[in-house]
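Numbering (our numbering), first residue to last: 1 to 77.
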Amino acid sequence: MSTAEDISTLLVANFGTDPLAIRPEVSLRHLRLDSLALEELRLLIEDRLRVDLDDVQLTSRDTVGQLVDAVRSRIAA
Numbered sequence: 001m002s003t004a005e006d007i008s009t010l011l012v013a014n015f016g017t018d019p020l021a022i023r024p025e026v027s028l029r030h031l032r033l034d035s036l037a038l039e040e041l042r043l044l045i046e047d048r049l050r051v052d053l054d055d056v057q058l059t060s061r062d063t064v065g066q067l068v069d070a071v072r073s074r075i076a077a
């Protein structure tokens with residue numbers, strides 16, 4: 001499973017996000033993720049992908065694509 005697919009799965013399973021709404025250009029705000037939800041998502045990603053995202057600053061203005069890129073960069077490091 002790719003990083004984008006893993007993140008999509010987490011969004012659908014944990015936040016009830018419509019799978020059709022999850023596209024790289026869509027903001028996390030549009031997916032109705034507030035700061036608390038973003039922190040929960042960060043922890044879920046860390047657990048599922050075994051990656052440290054402590055230094056990643058996510059805001060609801062970031063897009064799904066930016067989130068995927070940030071996670072991929074941490075996995076590659």
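Glycine included, each C-beta is placed from N, C-alpha and C at the ideal position.
- Under the three-state reduction of DSSP output, Thr17 falls in the coil class, being neither helix nor strand.
- With a 10 Å radius around the Cβ and a threshold of 16 neighbouring Cβ atoms, Thr59 comes out exposed.
- Residue state for Ser35 is assigned as helix, using DSSP reduced to three classes.
- With contacts defined as CB atoms closer than 9 Å, Val12 and Thr63 fail to qualify as a contacting pair.
- Distances from the alpha-carbon of Val51 to those of Ser35, Met1 and Ala77 put Ala77 closest.
- Here Thr63 is bridged, per DSSP, to Ser27.
- Exclusion of the five residues before and after Leu53 leaves Arg42, Ile45, Glu46, Ala70, Val71 and Arg74 as the residues of its chain whose Cβ lies within less than 8 Å of its Cβ.
- Here the alpha carbons of Arg61 and Asp6 stand approximately 21 Å from one another.
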